[in-house]
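> Going by my numbering, the residue at position 100 of the sequence shown is 94; the numbering climbs one at a time, nothing skipped.
A virtual CB, placed ideally from N, CA and C, is assigned to each residue, including glycine.
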Amino acid sequence: TEQALSELRMDLENVFIPVDQISQKWESLEPTIQVFYPDVEIEGVTDSISTLNLTDNIETRKAALFQIDDLLEHTTSFTLDALLWTAIMIGGTIILTLSYVSIRKFKGGQATLPSRKSENS
-5 TEQALSELRM
5 DLENVFIPVD
15 QISQKWESLE
25 PTIQVFYPDV
35 EIEGVTDSIS
45 TLNLTDNIET
55 RKAALFQIDD
65 LLEHTTSFTL
75 DALLWTAIMI
85 GGTIILTLSY
95 VSIRKFKGGQ
105 ATLPSRKSEN
115 S
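Okay, here's the thing in structure tokens:
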């Protein structure tokens, strides 16, 4: 998504690229970006590109560039905190499963242990 936003930014800087093409690119990119960015920031870019569709001049292009730069600055990535919680949850599940299996095996071994001694005596 960052690469696509950077490409859209370069298209905005190039005054020879038609606004319709920029608008179509944003419309195809917007559903994907909604997964990673807050709606408030996306609405700002959508509004600035809509304004750019109405009046294509340097000021509206700069406003759209500013919105995209703002979006790129607040890049959301998967944090280490989420990775840590995932590792804890998976590790905890594995440890609980292994503990349960070992306890059941120990109890099963204890139940058959006295009968073996009585057979040998």
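1) Three or more C-beta pairs closer than 8 Å, one from the region 77 to 93 and one from the region 52 to 62: is that the case here?
2) How do the region 17 to 36 and the region 95 to 107 stand: do at least 3 beta-carbon pairs fall below 8 Å, yes or no?
3) Determine the direct distance from the alpha carbon of LEU92 to that of ALA105, and round the result to whole angstroms.
4) Could you tell me which whole beta strand (DSSP E) segments of length 3 or greater appear in the region 19 to 43?
5) Evaluate ILE43 with the Cβ neighbour count: other Cβ atoms within 10 Å of its Cβ, from every protein chain shown; 16 or more gives buried, anything less gives exposed.
6) Along the chain, where does the alpha helix (DSSP H) containing PHE60 start, and where does it finish?
7) On the three-state DSSP scale, how would you describe PHE100?
8) Report all residues from its chain with a CB closer than 6 Å to the CB of GLY86; omit the five preceding and five following residues, and keep chain order.
9) Taking just the CA atoms, how far does GLN61 sit from ILE89?
Checking against the coordinates, here is how it stands:
1) Look at the beta carbons and you see the region 77 to 93 not touching the region 52 to 62: under three pairs across the two are nearer than 8 Å.
2) Verdict: no, contact absent.
3) The residue given as residue 105 occupies position 111 in the sequence shown. The residue given as residue 92 occupies position 98 in the sequence shown. The alpha-carbon separation between ALA105 and LEU92 amounts to approximately 20 Å.
4) Along the region 19 to 43, the beta strand (DSSP E) does not occur as any fully enclosed run of 3 or more residues.
5) If you number the sequence shown from 1, residue 43 lands on position 49. Burial of ILE43 is indicated by the presence of at least 16 other C-beta atoms within 10 angstroms of its C-beta.
6) Residue numbering aside, residue 60 sits at position 66 when the sequence shown is read from its first letter. For PHE60, the enclosing alpha helix (DSSP H) covers residues 52 to 67.
7) As a first step, residue 100 must be located in the sequence shown, where it is residue number 106. DSSP places PHE100 in helix when its eight states are reduced to three.
8) Along the sequence shown, one-based indexing puts residue 86 at 92. If we look at GLY86 and ignore the five residues flanking it on each side, it has no Cβ neighbours.
9) Indexing the sequence shown from 1 puts residue 89 at position 95. Indexing the sequence shown from 1 puts residue 61 at position 67. Cα to Cα, the separation comes out at about 47 Å.
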